[in-house]
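Peer 1: Dropping the structure in here first, questions after.
There are 2 protein chains.
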Amino acid sequence: MSSHSSGPVGVFTFRLNAVSNLSSPISYALGRLVGNVRTFPAHQDIVRQGDRPSQCCVVLRGWVSRNKVLEGGVRQITALHIPSTIPDLQSLMLPQMDHNITTVTSVEAGFIPHSALRHLMTEFPSLALAFWKETLIDGAIAREWEVNLGSRPAAQRIAHLFCEMATRLEHVGQADRIENALSFPWPLTQGQLGEATGLSAIHINRTLQELRARGLIEFTRQQVQITDLDRLTHFAGFNPDYLLSEKPGQSASLIDAYERAVASI
Amino acid sequence: MSSHSSGPVGVFTFRLNAVSNLSSPISYALGRLVGNVRTFPAHQDIVRQGDRPSQCCVVLRGWVSRNKVLEGGVRQITALHIPSTIPDLQSLMLPQMDHNITTVTSVEAGFIPHSALRHLMTEFPSLALAFWKETLIDGAIAREWEVNLGSRPAAQRIAHLFCEMATRLEHVGQADRIENALSFPWPLTQGQLGEATGLSAIHINRTLQELRARGLIEFTRQQVQITDLDRLTHFAGFNPDYLLSEKPGQSASLIDAYERAVASI
DNA sequence: CGTCATGTTGAGCGTCATCAACAGGAGTGG
DNA sequence: CCACTCCTGTTGATGACGCTCAACATGACG
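Residue numbers (our numbering), protein chains in the order written: chain P, 1 to 265; chain W, 1001 to 1265.
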């Protein structure tokens, strides 16, 4: 537990320890680098396609989306990010952003200068491994979204997204489970859900009604309730393996060993 | 230039230098680790979903696809890989594969044991940065595929894939350019093209005819010819920036500096 | 025998339009 | 200061219509 665990940065350092298996000194140092914390309103770009950031953004509260906008104005959401992640970490290695980072809800975000991150990476080489692993998991999620967009009909596509977000939210303690039922906040409008699934807002509306009629999900404003997770999982063809290809803590040994090996040179 | 540059491993070490900006000693060492080179027939899995590989696969000749198969038997191709890449590099960090690696053509592939890669990464910490960067570029390509699958109509979707592959192939010298025309090998059947774009094989067939009728592309068996790259680029809404978010050689300074910084500890 | 080609049919989904519900903000009067 | 209205923008809901694309044919070509 770092001294930051109680503030807004706490969720960040907590995740670094639990999910990314970073050792406490590294996550503590990272947490201390987060500065310039401020609040963004909903539906606002934090980073834009074509930008060349000199700092990275840490999401501390709220949801953000990765998205690209086509010439015609159509927007495709390619990923959803929940708190404690660094959505534009790639700008450290790829200077020009290929997509936008946009707030979904009101968002509290902090910033870490690239220079500080680079310095910390030379001090703790295993940090690069942790970042690489984060990127690999993002990649696995992106692949599953490709399958969703390319191969599943509308109802299953929406259901699959709900399954994925339910799993990810529960994993960071932001979903309430009672037996086989799961409820969690859902800040996306039907229009945004359409942008994420490649469907029109109208068709989203009708398909949601179908899912409700089947008794698979319920909506109370800003909140989704999955009545029977097993049924929804089966309906959507959801397999959670891709979200965390290993049990938490398992890769700690690799990262620790790497740290010791480099330090001993 | 390593001593391997003339053999099949040459394309691998060449790309490590040119694209990944690895220094010659590292790429030379990596090239030496490639062993057990053998040839796979077309349409065969090299690595399967659920596998826990203990080695990584280096594609030396031919094309492979990343793909996932749904319960109903529908296959979604999420990425295409051309020679000189390591498609299952992620198995170093995420032990369980979330997707299949399948040959498209006949493929020559070599293998590097995880243990050797891990050892080399402790010897050259900047190798992790290079691998991370590769993963980030893969991620940028995956995002563009998500946009393709979710937001573009059939004709533009296919045209966009042709633009992407033309650019990537030309980048490694496997496309012939004459003025504004570009021709390159195209080993995918119409069925596989459908699996990559989320369209039925029949609709692929008809849309290809439409593209031919518009004079945008021509087909000779196993070969695609883009008659006017600018026109096709405009038609598809293709912007090549995401493929290499920087000019080759630009990130060499970061990786070199990282190598020196860690070595000087 | 796999791949490409071509016709027919219909389901799935997009587009356009309208309407209700709701949340702010400005102004008004109490 | 608070309550009430009016206005406006956003979201969700619903109907009518048309187009894109999938499903199931059946041949033709290597």
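Even for Gly, the Cβ is constructed at its ideal location relative to N, Cα and C.
A quick note: this is a predicted structure, and the numbers were derived from the prediction, not measured.
Starting from the beta carbon of Trp-145 of chain P, find every residue of chain W whose beta carbon is closer than 8 Å, and list them in chain order.
Peer 2: The count along the first sequence starts at 1 and reaches residue 145 of chain P at position 145. The contacting residues are Glu-1146.
Peer 1: Grouping DSSP H, G and I as helix and E and B as strand, with all else coil, what is Arg-157 of chain P?
Peer 2: Locating residue 157 of chain P in the first sequence gives position 157, where the first residue counts as 1. The answer is helix: DSSP assigns Arg-157 of chain P an H, G or I state.
Peer 1: Starting from the beta carbon of His-99 of chain P, find every residue of chain W whose beta carbon is closer than 7 Å, and list them in chain order.
Peer 2: The count along the first sequence starts at 1 and reaches residue 99 of chain P at position 99. By Cβ distance, chain W contributes Arg-1143.
Peer 1: So is the beta-carbon of Ser-1027 of chain W under 7 Å away from any non-hydrogen atom of the ligand GTP?
Peer 2: Looking for the ligand GTP in the displayed structure turns up nothing, as the structure carries no ligands at all.
Peer 1: Please determine, among P:Thr-102, P:Gln-222 and P:Arg-177, the residue with the shortest C-alpha to C-alpha distance to Leu-187 of chain P.
Peer 2: Along the first sequence, read from residue 1 onward, the residue named residue 187 of chain P stands at position 187. Before going on, a small fix: residue 187 of chain P reads as Pro here, not Leu. Of the candidates P:Thr-102, P:Gln-222 and P:Arg-177, the one whose C-alpha sits nearest the C-alpha of Pro-187 of chain P is P:Gln-222.
Peer 1: So which residues of chain W does Gly-139 of chain P contact, with C-beta pairs closer than 8 Å?
Peer 2: Position 139 of the first sequence, counted from the start, is the residue given in the question as residue 139 of chain P. Ordered by position in chain W, the residues that pass the 8 Å Cβ test against Gly-139 of chain P are Gln-1090, Thr-1135, Asp-1138, Gly-1139 and Ala-1142.
Peer 1: For the stretch 171 to 198 of chain P, which residues have a beta carbon sitting closer than 9 Å to at least one beta carbon of chain W?
Peer 2: For the stretch 171 to 198 of chain P, which is checked against every Cβ of chain W, the residues closer than 9 Å are Glu-195, Ala-196, Thr-197 and Gly-198.
Peer 1: Is any beta-carbon of chain W found at less than 8 Å from that of Arg-48 of chain P?
Peer 2: Residue numbering aside, residue 48 of chain P sits at position 48 when the first sequence is read from its first letter. It does not; no Cβ of chain W falls within 8 Å.
Peer 1: With a threshold of 7 Å on Cβ separation, who are the neighbours of Pro-240 of chain P within its own chain once the five nearest residues in sequence on each side are excluded?
Peer 2: The count along the first sequence starts at 1 and reaches residue 240 of chain P at position 240. For Pro-240 of chain P, where only same-chain residues beyond five positions count, the Cβ hits under 7 Å are Thr-167.
Peer 1: Pull up the distance between the alpha-carbon of Ser-1245 of chain W and that of Gly-50 of chain P, whole angstroms please.
Peer 2: Within the second sequence, the letter at position 245 stands for residue 1245 of chain W. Within the first sequence, the letter at position 50 stands for residue 50 of chain P. In this prediction, Ser-1245 of chain W has a pLDDT of 47, which is less than 50 and means its spatial position is unreliable; nothing more can be read from the coordinates.
Peer 1: Go through the stretch 214 to 249 of chain P residue by residue and report every complete run of the alpha helix (DSSP H) that reaches 4 residues or more, in order.
Peer 2: As far as the stretch 214 to 249 of chain P is concerned, its whole alpha helix (DSSP H) runs of at least 4 residues are 229 to 236.
Peer 1: Excluding sequence positions up to five away, which residues of its chain have a Cβ less than 8 Å from the Cβ of Leu-1243 of chain W?
Peer 2: For the purposes of this step, residue 1243 of chain W is taken as residue 243 along the second sequence, with counting starting at 1. Taken in chain order, the residues that qualify are Ile-1137, Ala-1140, Ile-1141, Glu-1164, Thr-1167, Arg-1168 and His-1171.
Peer 1: Does the pairing of the stretch 1082 to 1093 of chain W with the stretch 1041 to 1058 of chain W give three or more beta-carbon distances under 8 Å?
Peer 2: Enough Cβ pairs lie closer than 8 Å, so yes.
Peer 1: Could you tell me whether the Cβ of Val-1064 of chain W comes closer than 8 Å to any Cβ of chain P?
Peer 2: Position 64 of the second sequence holds residue 1064 of chain W. Chain P contact via Cβ: absent.
Peer 1: Leu-80 of chain P and Ala-196 of chain P look like a contact to me (Cβ under 8 Å); what is the Cβ gap, rounded to whole Å?
Peer 2: The count along the first sequence starts at 1 and reaches residue 80 of chain P at position 80. The count along the first sequence starts at 1 and reaches residue 196 of chain P at position 196. Yes, they are in contact, since the Cβ atoms of Leu-80 of chain P and Ala-196 of chain P sit about 7 Å apart, within 8 Å.
Peer 1: Anything in the stretch 216 to 241 of chain P with a Cβ closer than 7 Å to a Cβ of chain W? List those residues in chain order, please.
Peer 2: From the stretch 216 to 241 of chain P, only Gly-237 and Asp-241 have a Cβ closer than 7 Å to chain W.
Peer 1: Rounded C-beta distance between Glu-146 of chain P and Gln-1076 of chain W? I'm assuming under 8 Å.
Peer 2: The count along the first sequence starts at 1 and reaches residue 146 of chain P at position 146. The count along the second sequence starts at 1 and reaches residue 1076 of chain W at position 76. Confirmed, about 6 Å.
Peer 1: Using a Cβ-Cβ cut-off of 6 Å (strictly less than) and excluding sequence neighbours within five positions of Asn-1148 of chain W, which residues of its own chain qualify?
Peer 2: Position 148 of the second sequence, counted from the first residue, corresponds to residue 1148 of chain W. Only Arg-1157 and His-1160 meet the Cβ criterion.
Peer 1: Taking the alpha-carbon of Asn-1036 of chain W as reference, which of W:Gly-1191, W:Ile-1112 and W:Gly-1072 has the nearest alpha-carbon?
Peer 2: Here residue 1036 of chain W is taken as the residue at index 36 of the second sequence, counted from 1. When each option's Cα is compared against that of Asn-1036 of chain W, the closest is W:Ile-1112.
Peer 1: Quick one: give me the first and last residue of the alpha helix (DSSP H) that Val-147 of chain P is part of.
Peer 2: The sequence position of residue 147 of chain P within the first sequence is 147, counting from 1. Counting along the chain, the alpha helix (DSSP H) containing Val-147 of chain P begins and ends at 126 to 151.
Peer 1: Starting from Glu-1179 of chain W, trace the alpha helix (DSSP H) in both directions and tell me its first and last residue.
Peer 2: Translated into the one-based positions of the second sequence, residue 1179 of chain W becomes position 179. Neither: Glu-1179 of chain W is in no alpha helix (DSSP H) and is coded neither H nor E.
Peer 1: Relative to the C-alpha of Pro-1095 of chain W, which residue among W:Arg-1212, W:Val-1047, W:Thr-1102 and W:Leu-1070 is closest?
Peer 2: Against the second sequence, residue 1095 of chain W aligns to sequence position 95. Of W:Arg-1212, W:Val-1047, W:Thr-1102 and W:Leu-1070, the residue nearest in Cα terms is W:Val-1047.
Peer 1: Whole angstroms are fine: how far does the CA of Phe-124 of chain P sit from the CA of Ser-23 of chain P?
Peer 2: Here residue 23 of chain P corresponds to residue number 23 of the first sequence, with the count starting at 1. Here residue 124 of chain P corresponds to residue number 124 of the first sequence, with the count starting at 1. Using only the alpha carbons, I get a separation of about 10 Å.
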